[in-house]
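Every number in the working numbering is 167 more than the matching position in the sequence shown, counting from 1. Even for Gly, the Cβ is constructed at its ideal location relative to N, Cα and C. Notes follow the structure.
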Amino acid sequence: MSAALNLYRQFMRHGSRFSSYNFREYAIRRAYDAFRSNSDLVEPELISKAIKIGEKELAIVKRQSQISQMYTTDKLIIEKRH
């Protein structure tokens with residue numbers, strides 16, 4: 168359980184690092200939906216399989232968020248705070 172919670176927190180942390188609003192919101196929403204859909208898993212084998220898949224996807228999110236930070240663009244109007 169703590170491994171899943173730690174993985175979820177990492178997804179939220181790294182997903183929020185995207186410089187693009189659309190990618191940032193997509194990564195956060197995708198992580199939320201994936202964890203929500205797997206919240207009813209009770210078999211240890213299925214839980215460990217889901218965590219391994221999540222770790223692979225987290226590596227992708229980390230890599231893409233770093234690339235996103237290297238090539239930033241102007242913020243969208245929806246992102247600007249007055």
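Exposed unless 16 or more other CB atoms sit within 10 angstroms - verdict on residue i
i, result
"residue 172", "exposed"
"residue 215", "exposed"
"residue 194", "buried"
"residue 226", "exposed"
Span of the alpha helix (DSSP H) around residue i
i, result
"residue 197", "188 to 204"
"residue 220", "211 to 237"
Through-space distance from residue j to residue i, alpha-carbon basis
i, j, result
"residue 186", "residue 224", "19 Å"
"residue 217", "residue 240", "34 Å"
"residue 243", "residue 176", "26 Å"
"residue 179", "residue 170", "14 Å"
"residue 192", "residue 182", "8 Å"
DSSP state of residue i mapped onto helix, strand, coil
i, result
"residue 183", "coil"
"residue 243", "coil"
"residue 172", "helix"
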